[in-house]
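Counted the way full-length UniProt numbering counts, the sequence shown spans residues 1 to 622. We put the beta carbon where it would ideally sit given N, CA and C, even for glycine. No experiment lies behind these values; they were computed from the predicted model shown. I have placed the structure first, in the form of structure tokens, so that the comments after it can refer back to it.
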Amino acid sequence: MSSTASTQTPAPSLHIALVGNPNCGKTSLFNQLTGSRQKVANYAGVTVERKEGFFTTPNGRAIRVLDLPGAYSLDSTSPDEDVTRDVCLGRHRSEPQPEMLVAVISATNLRLHLRFLLELKQLGLPVIVALNMMDEARRNGLQIDVAGLQADLGMPIVPVVSLNRAGVVPLLQALDLPLPAPPDPLPAGIDPHMEVRRLLATYVVDPSAGTDRLTDRLDRLFLHPVWGPVILLVVLFVMFQTVFAWAQPLMDGLDSGISTFGQIVLKPLPDGILHSLLADGVIAGAGTVIVFLPQILILFLWILALEESGYLPRAAFLLDRLMALAGLSGRSFIPLLSSFACAIPGIMAARTIQNPRDRLVTILIAPLMTCSARLPVYTLLIGAFVPHRTILGIFGLQGLVLFGLYAVAIVSGVIAARVMTRGVKSEEHPLLLELPPYRRPNLKSLALGLWQRAVMFLSRVGTIIVSLNVLLWALSSFPLPPAGAPGAAIDYSLAGRIGHLMQWVFAPIGFNWQICVSLIPGLAAREVAVSSLATVYAIGATDDGAADKLLPLLSTQWSMATAFSLLAWYVYAPQCISTLAVMRRETGSIKTVLWAAAYLFGLAYLAAFLTYHITRAITGVP
């Protein structure tokens, strides 16, 4: 946010940092101050989000501001809090110590937030206290003696409302003033908790203490031992339905737009290597990412809205007991939920998990959650080999098989997590969460959050998939077949030769060389396997009816054992290099990625082997 500078000489530029507990409105304040003038990245060496922005005060003072990760204490327990501590202390290797801290505290939860504020007093830095959510405090009847509290703490206190532009004007005016003197530290021997109680008793009057507030009434419903889980299941059901229902028209529109763009770009080019490279490598690679962006954004819209409303921490609380069966805490619920749309945002969402062991295990099992990219393969094989009949007159057999694939993946993820965490004590049990008051999500914050995630997703994943797709195009296109050579061109390519070499490895699980070839381009994206199979079987991959033509062909050329084996393979195999690439970026360890790929491929091979031979035994087909 900027404003017209006054005629007076502007103050020197200033480097500040926003610091505060989670759920204090710090990010909303950051968005109001900076608007679109902000950058989002990761701190060097860690997967903690780094938000930096710029704005100008009414008197023309240029300010660089950092939105530090939320922290409850400088005695850190997570990578997020490590970054906040190191930056505030001036110990961060890539970020200088701020000249001043803006401590954001919630007026509705002073008991918790004042404790952290007392820690900031000990740092010897100038501090301005942004007393946020004053509108909610007034609605709740809270009376805060701001002047008295300011004098006692020795820090300027500025009441703000971070949800609107007018509400941050007092802070902008305070930033035009000379830097305040650092507050005096607490005397030795003073118990911070007792000090917080004294401050509250002296300067805060809460007439509603002990009364039934709206948040309490809603919590009795949403956290009810019976109705709470039921409401959560309904919310999750609606979420998943909208991820697919709302996204499909957008995905179709993007797919059509990419197709039209490709025709415009490729029409002037004659058939040849350049045409094939642009069509099958670059445009197809970028399209694979962009087409799935609506699903990612819709899912993040739900997550951001539920987070801002205050419901998401309550969902984690409700599921803590269930996640404990897998040796994890309720914090793992959100990343795993995200993985049903795509494992990539799920892995990225694991940053919020404090315990390093739980974070790593969540990342390792996220690929087991059935992402939407598997659906084209599932639909193709189920349609070709599972009869279209009903069970008990109401349940479709094909639908039950599809549900079973999802259920197997979830159960396998729980078992895998239980094995990985066996014998290792988690530091996050019992789960301790701050349950913020319910509030209406801010549309501007939602829009900015979605924009940031779209840019991050496209920049981190898009380039990876495009480059890999170009590589896989080369493998499938060269060397060219001899003139007049019979059969498909892919038979003579490096990919075709690799497929024949791979067959001796995959023959025990029923895969033919054509399936082996389709696994190679499928590494870029799982759904590519359908068009790859069409190409292998000399059906045009660009034909809109390719999948339909494959149904009768596969049902006659493949055994049911082979089809079910391939289904079992796709439940477990990390058939997506972009997922492994993001896993590498999030963990910073190539060894972890190699171990994850090994255990997932191992599970896939074992499941496919058992499925193939059990199905052969049941059907009696050799």
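Item checked: Every unbroken alpha helix (DSSP H) inside the stretch 120-177 [4 residues or more] -> Given a length threshold of 4 residues, each whole run of the alpha helix (DSSP H) inside the stretch 120-177 is given here in chain order: 134-139, 146-153 and 169-175.
Next item on the list: Compare the C-alpha of residue 65 against each of 369, 14, 88 and 111 and name the closest.
Entry: Checked all of 369, 14, 88 and 111; the closest Cα to residue 65 is 14.
Next item on the list: Just the C-alpha distance for residue 609 and residue 447, rounded to the nearest angstrom, thanks.
Entry: Using only the alpha carbons, I get a separation of about 47 Å.
Notebook entry, point to check: Alpha carbon to alpha carbon, how far is residue 158 from residue 191?
Noted result: For residue 158 and residue 191, the gap between their C-alpha atoms comes out near 26 Å.
Note to self: Is the separation between the beta-carbon of residue 70 and that of residue 82 shorter than 9 Å?
What the structure shows: Cβ distance not < 9 Å, so residue 70 and residue 82 don't count as in contact.
Item checked: Check whether residue 337 and residue 293 have beta carbons under 9 Å apart -> For the pair residue 337 and residue 293, the CB atoms are not nearer than the 9 Å cut-off.
Margin query: My assumption, with CB atoms under 8 Å, is that residue 350 sits in contact with residue 363. Please give the rounded CB distance.
Written below: That belief holds up - the Cβ atoms of residue 350 and residue 363 are roughly 5 Å apart, short of 8 Å.
Margin query: Once the 5 residues before and after residue 44 are set aside, which same chain residues still bring their CB inside 8 Å of it?
Written below: Any reading at residue 44 is ruled out, since the residue's pLDDT is 44, under 50, leaving its predicted position unreliable.
Next item on the list: Could you have a look at residue 308 and say whether DSSP puts it in helix, strand or coil?
Entry: DSSP places residue 308 in helix when its eight states are reduced to three.
Note to self: Just verifying my parser: in three-state terms, what is the DSSP assignment at residue 620?
What the structure shows: In this structure, residue 620 counts as coil in the three-state DSSP scheme.
Margin query: Looking at residue 128: is its Cβ nearer than 9 Å to the Cβ of residue 174?
Written below: Yes, these two residues count as a Cβ contact at 9 Å.
Item checked: Among 605, 299, 308 and 560, nearest to residue 453 - alpha-carbon criterion -> Selected option, being the one with the closest Cα: 299.
Next item on the list: Could you tell me whether the stretch 213-224 touches the stretch 148-158, where touching means 3 or more Cβ pairs closer than 8 Å?
Entry: By the Cβ test, the stretch 213-224 is not in contact with the stretch 148-158, since fewer than three Cβ pairs between them sit closer than 8 Å.
Notebook entry, point to check: Are three or more beta carbon pairs between the stretch 16-32 and the stretch 163-177 nearer than 8 Å?
Noted result: Because the criterion of three Cβ pairs below 8 Å is met, the stretch 16-32 and the stretch 163-177 touch.
Margin query: Less than 6 Å between C-beta atoms, sequence neighbours within five positions excluded: which residues of the same chain meet that for residue 343?
Written below: The beta carbon of residue 343 lies closer than 6 Å to those of 366, 367, 371 and 579 in the same chain, with the five residues before and after it left out.
Next item on the list: Express the C-alpha separation of residue 359 and residue 184 in angstroms, rounding to a whole number.
Entry: One C-alpha to the other measures close to 38 Å.
Check: Candidates 85, 224 and 612: which alpha carbon is nearest residue 120's?
Finding: Checking every option, the nearest Cα to that of residue 120 belongs to 85.
Check: How should residue 329 be labelled, buried or exposed, when 16 other C-beta atoms within 10 angstroms of its C-beta is the threshold for buried?
Finding: Under the 10 Å beta carbon count, residue 329 is surrounded by 16 or more other beta carbons and is classified as buried.
Margin query: Check this for me: beta carbons of residue 25 and residue 133, under 9 Å apart or not?
Written below: Closer than 9 Å, so yes.
Checklist line | residue 276, DSSP secondary structure in three states | finding: Three-state result, residue 276: helix.
Notebook entry, point to check: Can you tell which of 34, 315, 52 and 88 has its C-alpha closest to the C-alpha of residue 20?
Noted result: Minimum Cα distance to residue 20 is reached at 88.
Check: Looking only at DSSP bridge pairs, what is residue 396 linked to?
Finding: Residue pairing by DSSP places residue 396 opposite 390 in a beta bridge.
Next item on the list: Mind reading off the beta-carbon distance from residue 310 to residue 436? Whole number of angstroms is fine, and I expect it under 8 Å.
Entry: Beta-carbon to beta-carbon, residue 310 and residue 436 are separated by about 5 Å, close enough to satisfy the 8 Å threshold.
Note to self: To the nearest angstrom, how far is the alpha carbon of residue 320 from that of residue 417?
What the structure shows: Distance between the alpha carbons of residue 320 and residue 417 is about 14 Å.
Note to self: My assumption, with CB atoms under 8 Å, is that residue 706 sits in contact with residue 172. Please give the rounded CB distance.
What the structure shows: Residue 706 cannot be examined here, being either before or after the span of the chain that is shown, 1 to 622.
Checklist line | Simplified DSSP state of residue 539, which is helix, strand or coil | finding: Because the pLDDT at residue 539 is just 37, under 50, the model does not fix this residue reliably, and the value given afterwards should be weighed accordingly. Three-state DSSP puts residue 539 in coil, outside helix and strand.
Notebook entry, point to check: Since residue 26 sits in a beta bridge, which residues does DSSP pair it with?
Noted result: Assignment of beta-bridge partners to residue 26 by DSSP yields no partner.
Notebook entry, point to check: Which whole-angstrom value describes the C-beta separation of residue 137 and residue 107, a residue pair presumed to lie in contact below a C-beta threshold of 8 Å?
Noted result: So it is a contact: roughly 4 Å between Cβ atoms.
Item checked: N- and C-terminal bounds of the alpha helix (DSSP H) containing residue 560 -> Per DSSP, the continuous alpha helix (DSSP H) segment holding residue 560 begins and ends at 560-572.
Margin query: For residue 217, would you say it is in contact with chain B, using Cβ-to-Cβ distances shorter than 9 Å as the test?
Written below: The structure shown contains no chain B; it holds only a single protein chain.
Checklist line | Residue nearest to residue 613 in terms of C-alpha spacing, selected from 409, 356, 564 and 596 | finding: Comparing Cα-Cα distances from residue 613 to each of 409, 356, 564 and 596, the minimum goes to 564.
Item checked: Proximity winner among 202, 56 and 17, relative to residue 50 (alpha-carbon distances) -> The shortest Cα separation from residue 50 among 202, 56 and 17 belongs to 17.
Notebook entry, point to check: Where residue 480 and residue 493 are concerned, what is the direct C-alpha to C-alpha distance, given to the nearest angstrom?
Noted result: Cα-Cα distance, rounded: 6 Å.
Next item on the list: Name the one or two DSSP bridge partners that residue 106 has.
Entry: DSSP, once it has assigned bridges, lists 132 as partnering residue 106.
Notebook entry, point to check: Under a Cβ-count criterion, where at least 16 other Cβ atoms within 10 Å of its own Cβ denotes burial, should residue 122 be classed as buried or exposed?
Noted result: Burial call: exposed.
Check: DSSP state of residue 478, grouped into three classes?
Finding: Three-state result, residue 478: coil.
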